[in-house]
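Numbering-wise, the sequence shown is residues 4 to 171 according to this note's numbering. Glycine included, C-beta positions come from ideal geometry on N, C-alpha and C. Report on the following structure.
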Amino acid sequence: MYSQKCKTDKDPFTNEEITYFDYSYRTVYFEVKNDTILFDVVFNYWGEREHIFKEGTGLSIKLESGAKIDLNTIMESKPKIESSISTSGFYMGLGSGMTSTSSQNSTAYSFVFKLTEPELKKLAESKIEVIRIPDTDEEKYIDLEAKGRTRKKIKAIKKGATCLIQKI
Numbered sequence: 004m005y006s007q008k009c010k011t012d013k014d015p016f017t018n019e020e021i022t023y024f025d026y027s028y029r030t031v032y033f034e035v036k037n038d039t040i041l042f043d044v045v046f047n048y049w050g051e052r053e054h055i056f057k058e059g060t061g062l063s064i065k066l067e068s069g070a071k072i073d074l075n076t077i078m079e080s081k082p083k084i085e086s087s088i089s090t091s092g093f094y095m096g097l098g099s100g101m102t103s104t105s106s107q108n109s110t111a112y113s114f115v116f117k118l119t120e121p122e123l124k125k126l127a128e129s130k131i132e133v134i135r136i137p138d139t140d141e142e143k144y145i146d147l148e149a150k151g152r153t154r155k156k157i158k159a160i161k162k163g164a165t166c167l168i169q170k171i
């Protein structure tokens, strides 16, 4: 995991102090500036999508403690098409080995939220059980459990929240 601890920096224009946590190039990002807590998380959807999520789009988090956190985005989220190439298998050909590669595009969406200190504290104190994210079809959703790639992202959310709550 590309784990990092919280860092503190100064805004080069305003000279204000910024404390932040960045996991894997802003896949999970927390920032505290002027008593405002921002939480930015990226989710990928299979295939190429054109849907734009409106400001106010909801995301729900269920914690192992039983608590639930409902968040609404503070800005719209536009699609970003990403291509990933995977290599699978090793096949013997006529005198040489070959690997099979495949390309699968996905669409990344960055969801940005303003958190309250109590919400940040809940994320720091309990593990996430399920995250319910919006699907690109109207009124549909996808439940993500702490498995596979999502597990690393969920751990990063807890780690970032824990780190920031200690700095506030």
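Straight-line Cα distance separating Leu-126 from Glu-120: Here residue 120 corresponds to residue number 117 of the sequence shown, with the count starting at 1. Here residue 126 corresponds to residue number 123 of the sequence shown, with the count starting at 1. In this structure, the alpha-carbon of Glu-120 lies about 10 Å from that of Leu-126.
Of the listed residues Ala-70, Pro-82 and Glu-34, nearest to Lys-13 (C-alpha basis): Start at 1 with the first residue of the sequence shown, and residue 13 comes out as number 10. If we check each option's Cα against that of Lys-13, Glu-34 comes out closest.
Are there 16 or more other CB atoms within 10 angstroms of the CB of Pro-15, so buried, or fewer, so exposed? Here residue 15 refers to the residue found at position 12 of the sequence shown. Around the beta carbon of Pro-15, fewer than 16 other beta carbons sit within 10 angstroms, so the residue counts as exposed.
Could you pull out every residue in the same chain whose Cβ sits closer than 6 Å to the Cβ of Ile-134, ignoring the five residues on either side in sequence? Residue mapping note: residue 134 aligns to position 131 of the sequence shown, counting from 1. Closer than 6 Å at Cβ, skipping near neighbours: Ile-64 and Leu-147.
What residues are listed by DSSP as bridge partners for Thr-11? On the sequence shown, position 8 is the one that residue 11 refers to. BP columns for Thr-11 point to Thr-22.
Among the residues of its own chain, which have a CB less than 7 Å from the CB of Glu-79, if the five just before and after it don't count? To locate residue 79, count along the sequence shown from 1; it is residue 76. The beta carbon of Glu-79 is closer than 7 Å to those of Ile-55, Phe-56, Lys-57 and Glu-58 in its chain, skipping five residues each way along the sequence.
If we call anything under 8 Å between Cβ atoms a contact, is Leu-74 one with Gly-61? Indexing the sequence shown from 1 puts residue 74 at position 71. Indexing the sequence shown from 1 puts residue 61 at position 58. Yes. Within cutoff.
Does Pro-172 come out as helix, strand or coil in the three-state DSSP assignment? Residue numbering for the chain in the displayed model covers 4 to 171; residue 172 lies beyond these limits and cannot be assessed.
Classify Ala-111 as helix, strand or coil using the three-state DSSP reduction. In the sequence shown, residue 111 corresponds to position 108, counting from 1. It is a strand residue.
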